[in-house]
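Protein chains: 2
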Amino acid sequence: MNLEKMFKPDSVAVIGASNQKGKVGYLVIDNMVSDGYKGTIYPINPKSDEIQGIKAYKSIKDVPEKVDLVVMSIPAAFVNETVKECGESGVENMVIISAGFKEVGGKGIELEEELKSLVEEYEINLIGPNSLGTSDSHTPLNSSFAQCMAPEGNVAFLSQSGAMMVAVIDWSLTSGIGFSKLISLGNKAGVPEIELMKYLADDPETSVVIAYLESIADDEDFIRSMRKISMKKPFIILKSGSSSAGAEAASSHTGALAGSDLAFDTAFDQSGLIRAETMRELFDLGLGFSKAPLPKGDKVAIITNAGGGGVVTVDAMEKAGLELFQFDNDTKKRLRDCIPDEGSVNNPIDVLGDAPAKRYEETLDIVLENDDVDSLVIMICPTASAQPEETAEAILDAKKRVDKPIIVVNMGGPTFESANKVLNENGVPTYVFPETAIHVLKEMTDYSKILERNYEECVDNISDIDKNKVSEIFKKVKDSGRCALLGSEAYAVAEAYGISAAPIKLAESPEEAGKLAEEMEFPVVLKIASDKILHKSDIGGVKVGIETKEEAEKTFNEIIENAKKAHPDITPDGVEVQKMMPSGKEVLVGMIRDKQFGPMIAFGMGGIYVNLIEDVSFKLAKGLTCDEIDQQISSTKVATLLEGYRGEAPSDINEVKEAIKRVAKLTLDFPEISELDVNPIFVYEEGSSALDVKITLD
Amino acid sequence: MNLEKMFKPDSVAVIGASNQKGKVGYLVIDNMVSDGYKGTIYPINPKSDEIQGIKAYKSIKDVPEKVDLVVMSIPAAFVNETVKECGESGVENMVIISAGFKEVGGKGIELEEELKSLVEEYEINLIGPNSLGTSDSHTPLNSSFAQCMAPEGNVAFLSQSGAMMVAVIDWSLTSGIGFSKLISLGNKAGVPEIELMKYLADDPETSVVIAYLESIADDEDFIRSMRKISMKKPFIILKSGSSSAGAEAASSHTGALAGSDLAFDTAFDQSGLIRAETMRELFDLGLGFSKAPLPKGDKVAIITNAGGGGVVTVDAMEKAGLELFQFDNDTKKRLRDCIPDEGSVNNPIDVLGDAPAKRYEETLDIVLENDDVDSLVIMICPTASAQPEETAEAILDAKKRVDKPIIVVNMGGPTFESANKVLNENGVPTYVFPETAIHVLKEMTDYSKILERNYEECVDNISDIDKNKVSEIFKKVKDSGRCALLGSEAYAVAEAYGISAAPIKLAESPEEAGKLAEEMEFPVVLKIASDKILHKSDIGGVKVGIETKEEAEKTFNEIIENAKKAHPDITPDGVEVQKMMPSGKEVLVGMIRDKQFGPMIAFGMGGIYVNLIEDVSFKLAKGLTCDEIDQQISSTKVATLLEGYRGEAPSDINEVKEAIKRVAKLTLDFPEISELDVNPIFVYEEGSSALDVKITLD
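Chain order of the listed sequences is H and L. If you want my numbering, it's the position in the first sequence, counting the first as 1, plus 30. If you want my numbering, it's the position in the second sequence, counting the first as 1, plus 30.
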């Protein structure tokens, strides 16, 4: 998808252009002109020959050349026919500001469906409808109807809420952040946000992308696509509708089908996207990432003129997992030459409340000679001696010499207005509070690690599986009108996919039970086989520790009797014979299927208290990498048990990895599996054995 | 302690007053005069007859009347002799700005110790040294040397960092918060912050107290004192030095001995103090609490002109556990009359981007007729139609009619400057981002619940205990040169305090072992008794399932043999005989002793994996209430097990409560207990039994 002319058009037609102040069609032309657009503007208005002093045309068809971009603001009822005209005139890029589509329901939904077909038919790149418009501060082109233009910069902002975009423009006027492009997505009937993100990933004028999204369009390969772009630059996204109530509000707002929040969290994490939790965080991160280079490691030096600020900063650093750089004695000695005795030459360096700019400058010089300092936080309280502007100059001077993040905390308000401005304009992010600076630094450090990720996948290349076998079993289950697999069927599925499980087979007669038991080796367990009987133990449907063939035959009959007594209306499928396994460390591997992202694999502590203990970690199966499986395991508490807790021998973690990988493969290969639970798996010093495999089909 | 004249003095002497601009002694006088102090000022300076046009005196002794307050800013070396003179002149209140005391170490520590003795001797209320000074905007008296005065209001701010105080004054100039008193604590050599907090609790000019503290002075009755004041008004505290690294920075900064952070968290929680996690939160909460009344419940209505803002707000609400108020059909119908069809009349109410002030006003009128709406969040994005000032007026008008919190989110920057000002000045807090508003509302709702707390204590009134018995046992243990109690000794302690435990007794001969086993009833366990042998099972020092007297006698000898073989150098105390108990739900009750707050009682899931599962909740024993014990239990996962998980019969939770209560009592009664662990306790459907009681003395 070529979106170049969407943001850098040589000509723009504004359909619905107006001479009437306050009207959207007026504002769009006015913004284009006053914000310095240098291409040709074609106002389109059936009733005027001139709009705001520019020659106007009655219809797009009258325009003498093929225009690169159409911006449309006319009543919804006329939009589709006009889109058709545009298509016939060869228009390739379009922003529809008009509202009255999906967001109003009823007839609006129909209109939007029709619009979708039209833009598909004419191959038009569409942003909107119900968009606030877009702007590109480098072209420059402001074809939005926002009342003011955000400051120029290198942050692209995508927003599914137009109102939020105007809020951000207003707020950005004093916050130091600058934008390359502002894109109001509206109803997203055309270009999917993922395509816009791919475009922005390659946009040389954009260093950071921030986005407010209420939904993310389905994409077969979401994780793989996002991995590619997030390796190019940071994408920071506030995905709202994360709560169940919020998802309701989101769906009534834009009709978006909200995926579950856990799935989004997991997808973002596996994709290398950065998820902001709050609006403030979105912009704080946008500011930091857009100004400062990435840190190479997690060692931070702090310079402050207030001990208290240092303490708060260190608290925040410890919570964030960043490290205080330790200065060597030589450095400390040199620092002491410029810092009075009451100050601290240990990190955080306290230059004292009476520090003038000069003392900051000297301290900075010494600190920055330590190449192993990965980043620097400089804090200034507005004491009587503080020199915010002069200190800012000293910081900018130091910044020229190093390629590491320097973040400034100017603790206060009006005193720092001009210092903040000069710092922000010259590539140094500033914050009011130290905790914000540390949080931003932490996210930047994490992103540095994302860039080093190895996305080698490990699910697709499994060869020793028998897909046909599983298809057959599923067919049989469906043919018999069931959704839930019997234990013996589920075992056969596990076996076909190389998942170690305790053998379990179905006997339809006492003799068969005896024979199967003998083949498996004693002791065995016998269980009533029926997907309709839920509490099997309670009705005498389970007998453990069976040691002989005769006992197995006898028990078969007993179990059938018990089942008939308890459920005279149910005909059991027989009795299942399962080999009794020695106990091991109990883990579970499970799957829930997300509507949008597909199978999510769960791993955690197994046993009967799984829902109570909640020691579980999730990963999406699609694109799952070997590193992610390792990380999924190690992020649980049961990993500590598997590694050998308190002197115990370690368990066979490779078996756990195999189980995760193969469950992922199975659930990717068979979308008809709606639920799957392997719990417990006994993990031994060598090998493992799944005791209970539950599979449910759609 | 009477601090009235500290903040409302009729006369103030400034020792170290100066005519030299920029000097602290100049700034203090200048601030007092320019900020309108109406009492008498006595500048003290040995070399001048007049300071800034006011008659000056050579010494405090020359002042013709007894002054209410002395503010001192002279070199540290001269402070103590001057304090003495003040004391002799009857001065009762003093602020020492001079630095060069504890914070510089060495000689400074000595000076501060001497200063402490002097103020004690002369009964002087001292704030400082190393203070920035104090100010009271209602007196008005600004005796600090800060360069500007914070806006007047009803928030008192206590700060252990002077630099942070100037930062806050600066920041407050544009943030809408107003202050009644600013108190820079400095080194806290005189009036403890707890006394200041008690004073502020009764100060009619203060509605909210916010504090930045790096340490909290020891107070025998911290929790009980704080409960009293936190019932009078909200106290919001940022306690820094929470990290281990932070604690180091705090200790090098003010020489404060940092308590463990868990203890602080627990103490704050049990006291009803509100703990802020970041500086921003401290001031966001200060603003909200100081402007809006407390909500009576957790039902919130939201009015917004941006659907996206509504979604983000609902997300935040769900995370915070607040509830979206549901409007009835009649209300919705009336809302529909003033909101166009595309808007939403469900909560969050979307008045649409084109909403003028009038539409907000009409919507507000209808919403506020619902008495069950506990609080209201109003959000405005700066769309072309937004009318921030007019909407602010409508909100202020509505506010007059109801006594419930109305919080405004003006999403943007410069557009809202004047609207924010008028709202803040008239009792409506404003924030830029919706998540902040919701967080503040959540904390206000929580504080409403704190005010309803029942602090009935339940530890002190336990009567059926034998304190002397325990004293005897501890004496015996100490006399034998041990710290750790034997199992049989610990059992005796538990028995004396009514803690149900499995009987365990010491046998010194095979015959005694047989006799004890018989008395206890079989089966029993035999264990080697020695505080020096740690891994008793590994050396054959434990034998379970002993069923007869003869077996017990024989086993005694075996165990002694095994122990001698493994540890020829250790003489065991004998063999302990313990009754084997049926297994039950496993819980633990333990105690760690905090240096500052005393015993902290742990409760949680028991067993060998306690450190892995980490299902544990802590409470401080001092002042422990019955409600807190209930809450301690219910906040763990094991509580779900005890209540009867998945159809199991419930366990005897009363036994658990008794165990917690009695362990609390025991560890309060005996400060020499440094560690205590009861793990596991088997809890049955009726009764319980502690299997292993470990007690260590200092």
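Note that CB positions come from ideal geometry on N, CA and C, so glycine has one too.
Which residues in chain L sit within 9 Å of residue i, going by Cβ to Cβ distance?
i         : result
H/Ser-191 : Ala-336, Gly-337, Gly-338, Gly-339, Val-341, Val-342 and Cys-411
H/Lys-667 : Tyr-639, Leu-642, Ile-643 and Glu-644
In chain H, which residues lie less than 8 Å from residue i when you measure between Cβ atoms?
i         : result
L/Gly-383 : Gly-192 and Ala-193
Cβ atoms of residue j and residue i: under 7 Å apart, would you say?
i         : j         : result
H/Val-44  : H/Pro-76  : no
H/Ser-89  : H/Val-185 : no
L/Val-375 : L/Asn-335 : no
H/Val-617 : H/Ala-543 : no
H/Met-611 : H/Phe-700 : no
H/Val-101 : H/Val-58  : yes
L/Ala-532 : L/Ala-582 : no
L/Thr-697 : L/Glu-486 : no
L/Val-241 : L/Leu-188 : Note that residue 241 of chain L corresponds to Ala in the displayed sequence, not to Val. Against a cut-off of 7 Å, the Cβ pair of L/Leu-188 and L/Ala-241 comes out as a contact.
L/Ser-405 : L/Lys-434 : yes
L/Asp-707 : L/Gly-620 : yes
Mind listing the chain L neighbours of residue i? Cutoff is C-beta to C-beta under 8 Å, in chain order.
i         : result
H/Ser-270 : Gly-338, Val-341, Val-342 and Asp-345
H/Arg-310 : Val-462, Phe-463, Glu-465 and Thr-466
H/Glu-244 : Gly-338 and Val-341
Identify the contact partners of residue i in chain L, using a Cβ-Cβ distance below 7 Å as the criterion.
i         : result
H/Pro-444 : Asp-200, Leu-203 and Thr-204
Using the beta-carbon count (16 or more within 10 Å), is residue i buried or exposed?
i         : result
L/Ser-448 : exposed
H/Asn-155 : buried
L/Val-574 : exposed
L/Pro-412 : buried
H/Asn-450 : buried
L/Asn-491 : exposed
L/His-469 : buried
H/Met-762 : Missing from the structure shown is residue 762 of chain H; chain H here goes from 31 to 728 and no further.
L/Gln-190 : buried
L/Thr-601 : exposed
L/Gly-614 : buried
H/Lys-595 : exposed
L/Met-31  : exposed
What is the residue span of the beta strand (DSSP E) that residue i lies within?
i         : result
H/Tyr-477 : Here H/Tyr-477 belongs to no beta strand (DSSP E); instead the alpha helix (DSSP H) covers 464-480.
L/Asn-709 : 703-713
H/Gln-662 : Segment 656-664 is the alpha helix (DSSP H) holding H/Gln-662; no beta strand (DSSP E) there.
L/Glu-182 : 182-189
H/Asp-624 : 615-624
H/Val-100 : 99-102
L/Thr-334 : 329-334
L/Asn-376 : Per DSSP, L/Asn-376 belongs to no beta strand (DSSP E) and is neither H nor E.
Need the endpoints of the alpha helix (DSSP H) that residue i sits in, please.
i         : result
L/Phe-700 : No alpha helix (DSSP H) contains L/Phe-700, which DSSP labels as neither H nor E.
L/Lys-499 : 497-509
L/Pro-418 : 418-429
H/Ala-559 : No alpha helix (DSSP H) holds H/Ala-559; the beta strand (DSSP E) holding it covers 554-559.
Mind listing the chain H neighbours of residue i? Cutoff is C-beta to C-beta under 7 Å, in chain order.
i         : result
L/Gln-177 : Ala-414
L/Val-196 : Cys-411, Pro-412 and Thr-413
**Study point:** Contact list for the segment 351-380 of chain L against chain H, Cβ threshold 8 Å
**Key:** Listed by position along the chain: Leu-354, Asp-371, Glu-372, Ser-374, Asn-376, Pro-378 and Asp-380.
Review point. Closer than 7 Å, Cβ to any Cβ of chain L: which residues of the segment 427-455 of chain H, in chain order?
Key: The segment 427-455 of chain H vs chain L, Cβ under 7 Å: Met-441, Gly-442, Gly-443, Pro-444 and Thr-445.
Review point. What residues in the segment 669-690 of chain H bring their beta carbon closer than 9 Å to a beta carbon of chain L?
Key: For the segment 669-690 of chain H, residues whose beta-carbon sits nearer than 9 Å to a beta-carbon of chain L comprise Thr-670, Leu-671, Tyr-675 and Arg-676.
Point to revise | Short-range partners of chain H found in the segment 123-157 of chain L, where Cβ spacing is below 7 Å | key: Interface annotation for the segment 123-157 of chain L against chain H: Glu-133 and Val-134, criterion Cβ-Cβ distance under 7 Å.
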